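For the sequence shown, this note's numbering begins at 219 and goes up steadily by one. Step one of this worksheet: look at the structure below.
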Amino acid sequence: MARTLKGRLFKRGKAGHFYLQYSINGVEFRPALKDENGKPITDEKKAIKAKDILLAPYKAKNDVQRKEMAVAALHGAEEKAAAAEAIVESIENPPLKIADAWESYVEALNRPQSGERTLKNYQGHFSAFCEWLNTQKQKPVYLKDITPELASKFAISLNKAGVSANTFNKYTSFLRLFFKVLAKPGQISSNPFHEDTITRRDLKTHSRRELSIDELKKILTEATGDMALLLGLGTFTGLRLGDCCTLRWNEIDLKNRVIKRIPNKTATKGEPVLVGIPGPLYERLAEIPEEKRTDYILPEYAKAYLTKKKGSAYISNLIQEFIEKIGIQIHQPGTGITWTPDEKTGELKRTGTRAIVEVGFHSLRHTYVSIHAMGGTPAAAIQDIVGHSNPAMTAHYTHINPEAARRFAGALEAPFMDITPIDPERETLRQLADTLPIKTIRDFIKSLEK
């Protein structure tokens with residue numbers, strides 16, 4: 219089948235010599251245009267004629283004829299040999315298409331072994347980049363067609379969209395990694411997202427503040443249903459939002475009152491943390507019927523968290539809406555967009571800055587650490603419980619055993635005893651229920667029912 223190909227003429231040098239830019243199977247050529255005598259062409263009409271001769275092979279009926287005509291149209295033995303070799307190489311080993319790039323990245327042996335959640339985030343970044351590429355006039359087909367100019371244009375579009383410095387850095391850092399990993403199959407000579415082309419933006423971090431005991435009590439007493447259990451998990455375990463949402467029953471040992479969990483953030487290391495279960499949380503978990511203790515503790519939140527369209531942001535918003543609804547201010551005072559009427563026209567005008575959130579689910583984690591510290595839990599044990607990955611603390615880690623985990627969990631019970639009081643007799647009965655034969659328990663229940 220005959221093909222058409224548009225080449226681009228351009229000039230170089232003071233003499234204005236014409237060049238032609240075109241590609242064959244993803245291999246780009248930029249030959250200098252010469253006349254019949256081998257002299258550089260400076261006249262535009264002659265350049266157009268020379269271009270037509272060079273591109274004539276694309277009207278050929280088959281690949282063999284096309285390659286012969288393409289090579290014959292070039293000047294010089296070395297130029298012909300290089301072109302022929304490049305064409306053969308491009309047919310036998312074509313460059314990686316953008317449409318196939320994500321699958322190649324996932325299968326690449328030289329990529330970092332990211333966790334499931336991180337990989338989904340990366341896929342989202344790449345999909346957003348591809349969607350942006352489709353809005354451009356000249357849509358690149360191959361990964362090698364992504365130039366530093368195009369990468370810079372994408373970075374500018376992120377800034378114009380008003381994304382935070384953190385989001386900007388996540389996109390550009392991932393794409394830098396993406397092109398590095400696929401440099402060989404993509405036939406990429408230089409990384410378009412290199413640090414010399416696109417630098418990181420300075421971060422202005424705003425850490426979540428700790429909550430007071432009164433605020434925590436208000437949150438725990440006014441929350442209901444799954445929201446209450448989710449907030450209870452965050453308060454009494456110090457686990458991150460993703461870990462609380464996707465916590466499974468097989469990670470909970472109610473008999474020994476411990477949770478053994480490999481945090482999502484450090485999943486690639488495969489090291490679990492051991493967290494003791496304080497009395498208030500034990501009460502909440504123990505009242506859930508055994509027939510419902512199957513997979514996820516909070517199946518609806520797990521489903522939402524693992525869904526691309528919802529995810530952690532969706533759940534975080536629900537939590538912040540609840541906290542704000544019960545009268546706890548979640549934004550830093552003095553921040554936030556307001557609409558005020560113009561003194562002359564009365565028209566509403568937007569003033570202020572983006573609201574800075576300082577209270578959210580992560581506040582529970584900060585407070586958890588503080589209560590432990592005030593309760594006398596050793597710093598190294600706190601470090602191990604919350605699963606921090608600070609290299610400076612690695613040498614001081616003390617991997618705790620179940621007995622120590624239960625003991626340290628007691629530091630969290632005192633401030634909340636008035637929420638869920640635990641009678642010693644009930645506690646003794648519960649411990650007996652965990653050890654007695656099931657027949658004895660059934661007989662005892664029947665005797666109570668009479």
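Glycine is no exception: its CB is placed at the ideal position from the N, C-alpha and C atoms. Note that the structure is a prediction, hence the values are computed from the model and not measured.
_Beta-carbon separation (whole angstroms), Val-476 vs Pro-620, contact threshold 8 Å_ = 5 Å
*Roughly how many whole angstroms lie between the Cα atoms of Glu-333 and Phe-396?*
Looking at the sequence shown, residue 333 is not Glu but Gly. Distance between the alpha carbons of Gly-333 and Phe-396 is about 16 Å.
*asked:* Please classify Ala-613 as buried or exposed, where buried requires at least 16 other C-beta atoms within 10 Å of its C-beta.
replied: With a pLDDT of only 35 at Ala-613, under the threshold of 50, the placement of this residue in the model should not be trusted, and no figure is reported.
*Taking C-beta to C-beta, are Ala-504 and Leu-465 nearer than 8 Å?*
no
_Using a Cβ-Cβ cutoff of less than 6 Å, which residues in the same chain neighbour Gly-452 once the five nearest sequence positions on both sides are dropped?_
Cys-462, Phe-579, Leu-582
*asked:* On the criterion of 16 or more Cβ atoms from any shown chain inside 10 Å, does Pro-507 qualify as buried, or is it exposed?
replied: exposed
*Could you pull out every residue in the same chain whose Cβ sits closer than 7 Å to the Cβ of Glu-440, ignoring the five residues on either side in sequence?*
Ile-544
*asked:* Taking its Cβ as the centre, do 16 or more other Cβ atoms sit within 10 Å of Thr-595, making it buried, or is it exposed?
replied: buried
*What's the call for Asp-420, buried or exposed, on a 16-neighbour Cβ count within 10 Å?*
exposed
*asked:* Along the chain, where does the alpha helix (DSSP H) containing Leu-273 start, and where does it finish?
replied: 262-273
*alpha helix (DSSP H) segment containing Arg-583, residue limits*: 579-592
*Does the separation of the CB atoms of Ile-600 and His-584 fall below 8 Å?*
no
*In angstroms with no decimal places, state the Cα-to-Cα distance between Asn-608 and Asn-482.*
Low per-residue confidence applies at Asn-608: pLDDT is 45, beneath 50, and the placement is therefore not dependable enough to give any value.
_I'd like the list of long-range same chain contacts for Leu-499, defined as Cβ closer than 6 Å, with 5 residues on each side in sequence excluded._
Gly-450, Phe-454
*How would you write the range of the alpha helix (DSSP H) that Lys-435 sits in, first residue to last?*
431-440
*asked:* Whole angstroms are fine: how far does the CA of Ile-271 sit from the CA of Leu-393?
replied: 39 Å
*asked:* I want to know whether the segment 361-369 touches the segment 405-415 - three or more CB-CB distances under 8 Å.
replied: yes
*Identify every residue that forms a DSSP beta bridge with Pro-358.*
DSSP output for Pro-358 lists no bridge partner at all.
_Quick check: what's the CA-CA separation for Arg-418 versus Ile-541?_
34 Å
_Pick from His-235, Gly-234, Tyr-240, Ser-588 that is closest to Arg-675, judged by C-alpha positions_ = No statement about residue 675 is possible, as the shown extent of the chain runs from 219 to 668 and does not include it.
*Which of the three DSSP states, helix, strand or coil, is assigned to Ser-241?*
strand
*Secondary structure at Leu-492, three-state DSSP: helix, strand or coil?*
strand
*What three-state label does DSSP hand Lys-664 in the structure shown?*
helix
*Residues bridged to Glu-549 [DSSP beta-bridge criterion]*: Note that residue 549 is His in the sequence shown, not Glu. The partner list for His-549 (beta bridge, DSSP) reads Val-575.
*Would you give the residue range spanned by the alpha helix (DSSP H) that Lys-388 belongs to?*
383-399
*Find the nearest neighbour of Ala-573 within the set Lys-263, Tyr-586, Gly-552, Ala-597, judged by alpha-carbon distance.*
Gly-552
*By Cβ distance, which residues of its chain are closer than 8 Å to Lys-252, with the 5 residues on each side in sequence left out?*
Pro-258, Ile-259, Ala-268, His-293
*What are the start and end residues of the beta strand (DSSP E) that includes Leu-671?*
It is not possible to answer for residue 671, since the shown part of the chain is limited to 219 through 668.
*Is Phe-236 near Ala-265, with beta carbons less than 8 Å apart?*
yes
*Leaving out the 5 sequence neighbours to the left and right, which residues in its chain are closer than 6 Å to Ile-316 when beta-carbon positions are compared?*
Leu-361
_Straight-line gap, Ile-640 to Arg-660 (C-alpha atoms, nearest Å)_ = Because Ile-640 sits at a pLDDT of 49, beneath the cut-off of 50, its placement in the model cannot be relied upon, and the following sentence gives the value as read from the coordinates. One C-alpha to the other measures close to 24 Å.
*asked:* Checking 8 Å against the spacing of the C-beta atoms, do Arg-426 and Glu-576 come in under that value?
replied: yes
*Host alpha helix (DSSP H) of Ile-364 (start-end)*: Careful: Ile-364 lies outside any alpha helix (DSSP H) and carries neither H nor E.
_Short of 7 Å in beta carbon distance, which residues of its chain neighbour Gly-460, apart from the five on each side in sequence? Order them along the chain._
Arg-335, Asn-482, Tyr-523, Ser-530
*Count the other CB atoms within 10 Å of the CB of Val-604; is the residue buried (16 or more) or exposed (fewer)?*
buried
_C-alpha gap between Leu-457 and Leu-647, whole angstroms_ = 29 Å
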